Amino acid sequence: MIEVEDARKILDDEQSIQAFDDIVYQRVLGASKHISMIGDMIESIALIGEKNHSSVHSVVDKIKTLSQYFIETRGAASQAVSNAINIMIKNIDEVRNLDVEEASKLIIQKKNNYLIQSEKAIDKVVKYGVEAASSMKTIMVFDYSSTVNKWLQNLNNGNYTIVIPESRIINGGYPFIEACREAGHQIKFIPDAAIMYYLKECDGAFFGAETFYPDGTTFNTTGSDIVGLVCKEFNIPLYVLTPMIKVDIRAIYGYKKQLKINDLTEELASNWDSNVKSKIDFKCPELLSVEPKYITAIITEEGIIPANQLFNNSKKFHDSLKGE
C-alpha cells in the first residue's frame, strides 16, 4: 500500500500538489473530474521530467507510483478511476527505451486520447439524459456528480425546478447550485432528511454513480439507497447518469465491493465538547449499493438501458478495454 506522503512527494509543481490535495481531502468532487486531474498530474510528471532531462525510467516509475496510489485509494470507491488510469498508462513500460522527449510526448498523447474519448462519452450521456427528462418539470438530484452537473447545464429553457437534498456525508448538494443558477432553473435546497417528503412532488430523480455492476447494481453516496426506495414506493422514475468507464466487471467473477467507512466526527460534531465526542461512534459508510429493482434505467453513452439489461453492454465495453 502506497502511503499518501510517498505519492505526494512525487509531484514537483504547486498546481499538481494542489490538485492532489483537493482529491485526497475531498475539496473537489466527482470521479470524472478526479480522472481529469490525475491525467494532468501524469502530464506534469512527464513534462517536468523532459525539462529536467530526467531518465525515462525515473519518469515512468513516478507515474506508476502515483497511479497505483490513486487506484488503491480513490479507485477503491470508484472503479472508473481505476479503469481510466489503467487506460491512460497502458503499456507505459514500452517507452523506457526511448529518449525522454519522445517518451514524454507519447505518455501525454495517450492520456489526451483517453480524455477526448471520455468527453465524447459524457456528451452522449448528457444528450440521452436531456431527452429522458424532456417531459419533466420537477426533478430531484442527489449528491454531486460532474456528469449530472453537465446534464443540469444542458437541460433546456430553464423551465425546471431542481430539488437538491444536501447530504451531510459529503456536502454534495451545494456544488450543483452554480450550474442550476446559470441554466435558469428554479432551485429548492433541502436537508437529506426531507427526501421522501419532496420526492413525492417530483417527476423524476437522477444521480450519478461511483461504480456499477453489470447486473445494474449501482454504488453512490450514502442516501442514494433512500432515493431509490422512495422512487419505487411512489412509482417515480429514477435514472443513473454514468459513462460505461464506471463498470466494475469483476462482479461477474464473484467480487463484492467492501464498504468504505468514514469517520464523520468533524462533519457532524465539530462544535461538540471533546469529551463527549470521544465517547461516541461517528462512523458511517461512504457509498452504498442501489439494487437494479429501484432504478428505471442507467443512461450511458450506449443509450438509456434498463438497469437489469446492462450485462451485454458491460461485457462488450470491458472486452474493448482489453483490445478484444
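Here the sequence shown is numbered in this note's numbering, starting from 1 and rising by one per residue.
Backbone N, C-alpha and C define an ideal beta-carbon position, used for all residues, glycine too.
Source: prediction; values computed, not measured.
As a quick exercise: from the options, pick the residue whose alpha carbon is nearest that of residue i.
i    : options                   : result
R181 : Y197, M196, Y160 and I170 : Y160
H34  : E50, N83 and V59          : N83
F137 : G303, D21 and I236        : Residue 137 is actually Lys in this sequence, not Phe. For K137, the nearest C-alpha among the options comes from I236.
P243 : A209, D273, I42 and I261  : A209
N171 : D248, A132, L155 and L268 : L268
V230 : S274, I249 and A194       : A194
I108 : N156, I85, W272 and V130  : I85
I10  : C202, V59 and S78         : V59
L321 : E101, I249 and Y174       : I249
Within its chain, find whatever has a CB closer than 6 Å to the CB of residue i; leave out the 5 residues flanking it on each side and keep chain order.
i    : result
Y294 : G228 and K232
A80  : A31, I245 and K246
E286 : K260 and N262
A179 : N149, L152 and Q153
S44  : D13 and S16
I48  : D12
S289 : T217 and F219
Please classify residue i as buried or exposed, where buried requires at least 16 other C-beta atoms within 10 Å of its C-beta.
i    : result
Y239 : buried
F20  : buried
R96  : exposed
R27  : exposed
G345 : Because the chain spans 1 through 324 in this model, residue 345 falls outside it and cannot be assessed.
S134 : exposed
S167 : buried
N220 : buried
D319 : exposed
Y213 : buried
K110 : buried
F234 : exposed
E5   : exposed
Secondary structure at residue i, three-state DSSP: helix, strand or coil?
i    : result
Y69  : helix
A46  : helix
G204 : strand
G303 : strand
K110 : helix
A251 : helix
L165 : Reading the sequence as shown, one finds Pro at residue 165 and not Leu. Looking at P165 - three-state DSSP - the assignment turns out to be strand.
P285 : strand
P243 : coil
P175 : helix
K124 : helix
Can you give me the Cβ contacts of residue i inside the same chain, cut-off strictly under 7 Å, excluding the 5 residues immediately before and after it?
i    : result
P306 : A297
A7   : T65, L66 and Y69
I304 : Y128, A132 and A297
E301 : A121, K124, V125, P243 and M244
F317 : M244 and V247
K200 : F234
E324 : Because the pLDDT of E324 is 48, which lies under 50, any placement of that residue in the model is unreliable, and the number read from its coordinates should be weighed accordingly. There are no such residues.
Compute the minimum distance between the beta carbon of residue i and the heavy atoms of the ligand ATP, and state whether it is under 7 Å.
i    : result
A183 : No copy of the ligand ATP occurs in the structure displayed, which carries no ligand at all.
Quick one: residues in its chain with C-beta nearer than 8 Å to the C-beta of residue i, no 5 flanking neighbours on either side, listed in chain order?
i   : result
G75 : V81, S82 and I85
Q. Below 8 Å, can you find three or more Cβ-Cβ pairs linking the segment 141-155 to the segment 212-230?
A. yes
Q: Would you check if the segment 87-95 and the segment 108-124 touch, i.e. whether three or more CB-CB distances between them fall below 8 Å?
A: At 8 Å Cβ cutoff, the stretches touch.
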